[in-house]
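Numbering (the numbering used here), first residue to last: 1498 to 1976.
Notes follow the structure.
Quick look at the structure:
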C-alpha cells in the first residue's frame, strides 16, 4: 500500500520566508523521481526550481501559479511505495533529503542517518523513508504548518522534515513551533515558548515572535551564558499581531513591500540601523582611463568594459587598504578581515535592484571580470541568478553613473564594510598640466563603516582609486 507523503516549501536560504509559484512542472497523476524539480518559484533573490525529495505519484498540488506561499507551506503530496504500472520509472519509496538541487543536504551521503518520521498518510500516521539531516542555508526556517503538524513536531520524537532537524529540547513543551532555530534561540535566552502566542498561521511561533518577546523584556538576543535569562510570561509581553492590509483612501495607491522590493527594503533598513557609515568623495580626471580602455579594445580580442577596469582598480586598492574588505561581528566585538575579494556590483533589473557577486575578483584579469559581469548581469535580467550568485560579497562597486547622476551617498550593502560609488563620466572644464582644458571628469565616493577604520584609511583608499583613474599606469606598479 502506498504512503502519501507531504512535501513542504523548503527554506531557500538568506532568510527568505516566502516564494511565489511561477510555474508548475508536474501535474496531479504524474510520476516523479527522487530530486526531480516539481515547481519553479520566485523568491526575493532569484528564480529557483524546487526538487521533490520523494519519488512516486503526485496526488495533490497546493497553490495556483502566481500564489505566494510561506516557507513550510505544503507544495505537493506524493504517493510512494508503489512502482507505476509501466515500470518505466524507478521512483523509490523514500526521499533523498535534498532541499534544492545544487544545495542539497549539509552532510555527505555516507553520514546521513535514517530516522523514523510521523507523516500524514491518507489521514493516518505511518513511517516514511530516509530524509536528510541538513539545516537551512542560513539557519532560519520560520515555517508555517497545520496545528497537527506543529503538535507532532513539538511533542513527538525528534524528526527530520524537508531536510531540517526538529524535535523538542528537554525543556520544550507541546508548543506550536517547527523551526529548530526558534527553539534554540529561545533556549539560549531562557525564554519559555509555552508562555508565548505565535503570530504565524494557526498560532505558529516564529523567530520574530521570540525576538519581539526578548526586546519587550528589555534583553537582547544573546549566545548561551552561565546564568540563564529570566523567563518572559505571556502576560508581561505584548503579543505581536499580523497586520492586515489597510484599505486605500481616495488618491492613495498601496504597493506591498514584498518579493525583491521587500528584501531590499529590509536589508537597507538594517544597514542604516546597524552601521555607523560615513562618506567621502573626490572628482577625478578619467580621460586617460577612457583612452586606455579604447586602446585595449582596439588591439583586438574580447572587449573590456569600464566596470571591469574599475573593478581591477578596486581590488588593487583593497590590497593596499584591507581594512575596508571586512565585516563587523557585533556580537563578538571583532572586525573580520577577508583575504579574498568577492566583489558585488549593483545592477538594476526589471525585478528591482540586485547585487550579484564576482567570486575571487582579486585573481581575475580585466577580460575575465568583463565576462563575469556580462554573465551575472544577464542572469539578473532574466531572473536566473542563484542564491550563490547573490551572497557572500565582501565589497561592493556601485556604478550609479548609468542613471545620469554625478554623485550619491549609497547605503552600505550589509554586512559589508564599504562601497565605492562611481558617477557619470562627462566633459568638464579641468586644469590639466597648468592649463584649462575640457576633460572627462568623474565623481568617486566611498561610503564606509566607521567602526572598521578612520578617515585616514578611507581617504587613502579613495585617493589611490582616483590616482589610478587619472593615471592608469599607477596600477601597473602594484601588479
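For every residue, glycine included, the Cβ atom is placed at its ideal position computed from N, Cα and C.
Contact annotation: the region 1948-1961 does not touch the region 1924-1934, with fewer than three C-beta pairs closer than 8 Å. Across the structure, residue 1944 and residue 1902 are spaced so that their CA atoms are roughly 17 Å apart.
In the displayed model, residue 1764 falls within a helix according to three-state DSSP. When the five nearest sequence neighbours on each side are left out, the beta carbons in the same chain lying within less than 6 Å of the beta carbon of residue 1814 are those of 1958, 1961 and 1962, in order along the chain. Following the DSSP letters along the chain, one finds residue 1851 inside the beta strand (DSSP E) bounded by residues 1849-1851. Collapsing the DSSP output to three states places residue 1777 in a strand.
Following the DSSP letters along the chain, one finds residue 1846 inside the beta strand (DSSP E) bounded by residues 1844-1846.
In the three-state DSSP reduction, residue 1549 falls in the strand class (E or B). Counting along the chain, residue 1857 sits inside no beta strand (DSSP E), nor does DSSP assign it H or E at all. For residue 1560, the three-state secondary structure derived from DSSP is coil. Secondary structure note for residue 1877: its alpha helix (DSSP H) is the uninterrupted segment 1863-1879.
According to DSSP, residue pairing for residue 1840 in a beta bridge involves 1855 and 1892. Following the DSSP letters along the chain, one finds residue 1707 inside the alpha helix (DSSP H) bounded by residues 1704-1713.
In the DSSP annotation of this structure, residue 1973 is not part of any beta strand (DSSP E); the continuous alpha helix (DSSP H) holding it starts and ends at 1970-1973. Following the DSSP letters along the chain, one finds residue 1784 inside the alpha helix (DSSP H) bounded by residues 1784-1795. Put simply, of 1806, 1948 and 1700 the residue whose alpha carbon is nearest the alpha carbon of residue 1864 is 1806.
Rounded to whole angstroms, the gap between the alpha carbons of residue 1537 and residue 1852 is 22 Å. By the neighbour-count criterion, in which a residue is buried when 16 or more other Cβ atoms sit within 10 angstroms of its Cβ, residue 1947 is exposed. Note that the C-beta distance between residue 1859 and residue 1812 is below 7 Å. For residue 1810, the enclosing alpha helix (DSSP H) covers residues 1803-1817. Rounded to the nearest angstrom, the gap between the Cα atoms of residue 1832 and residue 1577 is 50 Å.
With a 10 Å radius around the Cβ and a threshold of 16 neighbouring Cβ atoms, residue 1900 comes out exposed.
In the three-state scheme derived from DSSP, where H, G and I count as helix and E and B as strand, residue 1827 is classed as coil.
Here residue 1836 is exposed, its C-beta having fewer than 16 other C-beta atoms within 10 Å. Residue state for residue 1941 is assigned as strand, using DSSP reduced to three classes.
The C-beta separation of residue 1841 from residue 1910 comes to about 6 Å, placing the pair in contact by the 8 Å criterion. By the Cβ-count criterion, residue 1887 is buried, with 16 or more other Cβ atoms from all chains shown falling within 10 Å of its own Cβ. DSSP places residue 1769 in the helix class (H, G or I) of the three-state scheme.
By DSSP's assignment, residue 1946 forms a beta bridge with 1774. Residue 1781 has its alpha-carbon roughly 7 Å from the corresponding atom of residue 1941. By the beta-carbon neighbour count (other beta carbons within 10 angstroms, threshold 16), residue 1792 is exposed. The region 1909-1927 makes no contact with the region 1747-1756, as fewer than three CB pairs between them are under 8 Å. The beta carbon of residue 1764 sits closer than 7 Å to those of 1911, all from its chain and outside the five residues before and after it, given in chain order.
Here the alpha carbons of residue 1905 and residue 1894 stand approximately 13 Å from one another. Residues 1801, 1803 and 1806 of the same chain have their beta carbon placed closer than 7 Å to that of residue 1790, with the five preceding and five following residues left out of the count. Between the alpha carbons of residue 1885 and residue 1914 lies a gap of roughly 20 Å.
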